[in-house]
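Protein chains in written order, with numbering that gives the first Met the number 0: chain A, 0 to 235; chain B, 0 to 235. C-beta: ideal position from N, C-alpha, C; glycine also.
There are 2 protein chains.
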Amino acid sequence: MNLILLFKKDLQSGPDKVCLKGRRHKHVFSVHKGKVGDKFLVGMENGRMGYGQLTAIDKNHLEMKVALDQKPPTPLAVTLILALPRPLMLKRILFAATSMGVKRIVLLHSQRVEKSFWNSSLLKEEKYKEPLILGLEQAKDTVLPEVIFKDKFKPFVEDELPDMIKETLALVAHPEASRPCPSQVKKSVTLAVGPEGGFIPYELDKFISLGFKPVSLGERILRVEDAVVALISKLF
Amino acid sequence: MNLILLFKKDLQSGPDKVCLKGRRHKHVFSVHKGKVGDKFLVGMENGRMGYGQLTAIDKNHLEMKVALDQKPPTPLAVTLILALPRPLMLKRILFAATSMGVKRIVLLHSQRVEKSFWNSSLLKEEKYKEPLILGLEQAKDTVLPEVIFKDKFKPFVEDELPDMIKETLALVAHPEASRPCPSQVKKSVTLAVGPEGGFIPYELDKFISLGFKPVSLGERILRVEDAVVALISKLF
Chain A
0 MNLILLFKKD
10 LQSGPDKVCL
20 KGRRHKHVFS
30 VHKGKVGDKF
40 LVGMENGRMG
50 YGQLTAIDKN
60 HLEMKVALDQ
70 KPPTPLAVTL
80 ILALPRPLML
90 KRILFAATSM
100 GVKRIVLLHS
110 QRVEKSFWNS
120 SLLKEEKYKE
130 PLILGLEQAK
140 DTVLPEVIFK
150 DKFKPFVEDE
160 LPDMIKETLA
170 LVAHPEASRP
180 CPSQVKKSVT
190 LAVGPEGGFI
200 PYELDKFISL
210 GFKPVSLGER
220 ILRVEDAVVA
230 LISKLF
Chain B
0 MNLILLFKKD
10 LQSGPDKVCL
20 KGRRHKHVFS
30 VHKGKVGDKF
40 LVGMENGRMG
50 YGQLTAIDKN
60 HLEMKVALDQ
70 KPPTPLAVTL
80 ILALPRPLML
90 KRILFAATSM
100 GVKRIVLLHS
110 QRVEKSFWNS
120 SLLKEEKYKE
130 PLILGLEQAK
140 DTVLPEVIFK
150 DKFKPFVEDE
160 LPDMIKETLA
170 LVAHPEASRP
180 CPSQVKKSVT
190 LAVGPEGGFI
200 PYELDKFISL
210 GFKPVSLGER
220 ILRVEDAVVA
230 LISKLF
């Protein structure tokens, strides 16, 4: 945890006074052995960052006086469209993508996505928000990504995607593509990444028909969670 | 599993005849529902790749006739020096680095590495070879990385590292560096990545005194396992 993410509800006794219990308190108390006067990097959900200075701490709670005067880092100019991965992998990808600065993630159905993945409890907001929060705390950022679920491939791709990719460089990751993934891209990107085993030809053709360019990371095939990190890192 | 990695001991009844039981048999039998005549991509440990055609299969074993006529992909020109991560993370990094084509990994002690990590059973060859094999099978490669353990920081850095970095671009990942990680590098790279929390100043200075350049991935701080993938992807 490189930043403590704060929420409106933590501001109980004034606009600059924070009271924390639970996970964040435990981290400061047990890992950092925080004492009154110590300062910690904090940030308000979707707001500014700054420092919090401990004014009280015991084994049950802590209080901080906060001063939020810094902007969070610039969002990465990318929309990630991802075939819904299995829950454990989804959790890791949400964490990693958030820590890299992705602010819009579309989780999409595809032929090779197991239908049961759509019943995972991780798809409930209170659950999938956890790795997003941890990703922001890892990266020192405050702006939560928007996560959008699209459990029907065709209506999303035909009706919504054409507008979404306007003014962006639209890329679909495809291990067999001859075009390498570009680097140091200066414009906004829409990046589609398939499931393990890839998009089926019909799906790939749909993306291509909208103007997506298939790109590859080379002859080695990466696991989806590593491919997402590798692609985003190479692009920007 | 995008390739079945074969070992000398699998060649029991002739130079092109393979008999498999256990994990690899189970994958072909249960996941692919392989039938006599089906072909699978195979590769010999540290050797050539090609196809294996099923000549027999039942619920206990399979037999294949193999023809190995392709070279494995070109190794990535990088030596990864990594402060020993906690075992679970080490396993994931070994898998990811192997799947990206890294062929030499030095696991190094550093002040912020917990001493107990050096007692992990994962440091035994029969254990750490597992994620390497899975990484090769993921990536369609055959050449196992060399994994080197250095449990003393100073003697390794002073006595061995100067020779190791000759003719290479030596980089040390450091989130506070002002120089961004370079991309599309054409020469060999030695890349040092610290533990969670980073190398301590003494260690960083040691790397710098040998000619390592501190580089960063931007203002966001990534977890080590994501940083390794992001750095390697950006470099090549």
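For residue i, count neighbouring C-beta atoms within 10 Å of its own C-beta (all shown protein chains included) and say buried if the count is 16 or more, exposed if not.
i	result
B/Q183	exposed
B/K20	exposed
A/S12	exposed
A/S112	A small fix is needed here, since residue 112 of chain A is Val in this sequence, not Ser. A/V112 should be labelled buried.
A/D9	buried
A/F6	exposed
B/S29	exposed
Consult DSSP for residue i and reduce its assignment to one of helix, strand or coil.
i	result
A/T97	helix
B/Q137	helix
B/D57	coil
B/L75	coil
A/A82	strand
B/M0	coil
A/A176	coil
B/R103	strand
B/L143	coil
B/L221	coil
A/D158	helix
A/D204	helix
A/K16	strand
A/L230	helix
B/D9	helix
A/I35	The question names Ile, but residue 35 of chain A in the sequence shown is Val. Here A/V35 sits in coil by DSSP.
Mind reading off the beta-carbon distance from residue i to residue j? Whole number of angstroms is fine, and I expect it under 8 Å.
i	j	result
B/H173	B/S215	6 Å
B/I220	B/P213	That belief does not hold up - the Cβ atoms of B/I220 and B/P213 are roughly 14 Å apart, past 8 Å.
B/I199	B/V77	The Cβ separation is near 24 Å, so there is no contact.
A/L87	A/L160	Their Cβ separation, rounded to whole angstroms, is 27 Å, which puts A/L87 and A/L160 out of contact at 8 Å.
B/M63	B/T54	6 Å
A/E224	A/R91	5 Å
A/L247	A/G33	Any question about residue 247 of chain A goes unanswered here, given that chain A covers just 0 to 235.
A/P14	A/G42	So it is not a contact: roughly 15 Å between Cβ atoms.
Alpha carbon to alpha carbon, how far is residue j from residue i? Give it in angstroms, no decimals.
i	j	result
A/L106	A/V227	13 Å
A/I104	B/G217	21 Å
A/P264	A/I3	What the structure shows of chain A is the stretch from 0 to 235, and residue 264 of chain A is not part of that stretch, so it cannot be assessed.
A/K102	A/L75	7 Å
B/K123	B/L79	19 Å
A/Y50	A/D57	20 Å
A/Q69	A/E44	13 Å
B/E175	A/L135	18 Å
A/P179	A/L234	11 Å
B/L133	B/Y201	36 Å
B/A82	B/D140	26 Å
A/R222	A/R85	12 Å
B/K25	B/V142	23 Å
A/V27	A/V35	11 Å
A/G193	A/K149	14 Å
B/Q110	B/L89	17 Å
A/H31	A/Q52	13 Å
B/V0	B/S115	This sequence places Met at residue 0 of chain B; Val is not what is there. For B/M0 and B/S115, the distance between alpha carbons rounds to 32 Å.
A/R47	A/L40	11 Å
B/K243	B/V65	A question about residue 243 of chain B goes unanswered here, because the residues of chain B that appear run from 0 up to 235.
A/E125	B/G100	38 Å
A/G197	A/P181	20 Å
A/K16	A/K185	40 Å
Please return the same chain residues whose Cβ sits closer than 6 Å to the Cβ of residue i, not counting the five positions on each side in sequence.
i	result
A/E145	R103
A/L203	none
A/T189	T78, I164, T167, A169
A/S187	A76, T167
A/V156	K205
A/V171	A191, F206, F211, P213
Go through its chain and collect everything with a Cβ distance to residue i's Cβ below 7 Å, but skip five positions before and after it.
i	result
A/S98	G134, Q137, A138
B/D258	Nothing about residue 258 of chain B can be reported from this structure: the residues present for chain B run from 0 to 235 only.
B/Y127	L93, L121, V146
B/N118	none
A/P154	none
B/N59	K20
B/K151	H108
Sorted by chain position, which residues of the same chain lie with C-beta nearer than 8 Å to residue i's C-beta, five sequence neighbours on each side aside?
i	result
A/A95	G134, E224, V227, V228
B/E195	P84, R111, R222, V223
B/S177	S215
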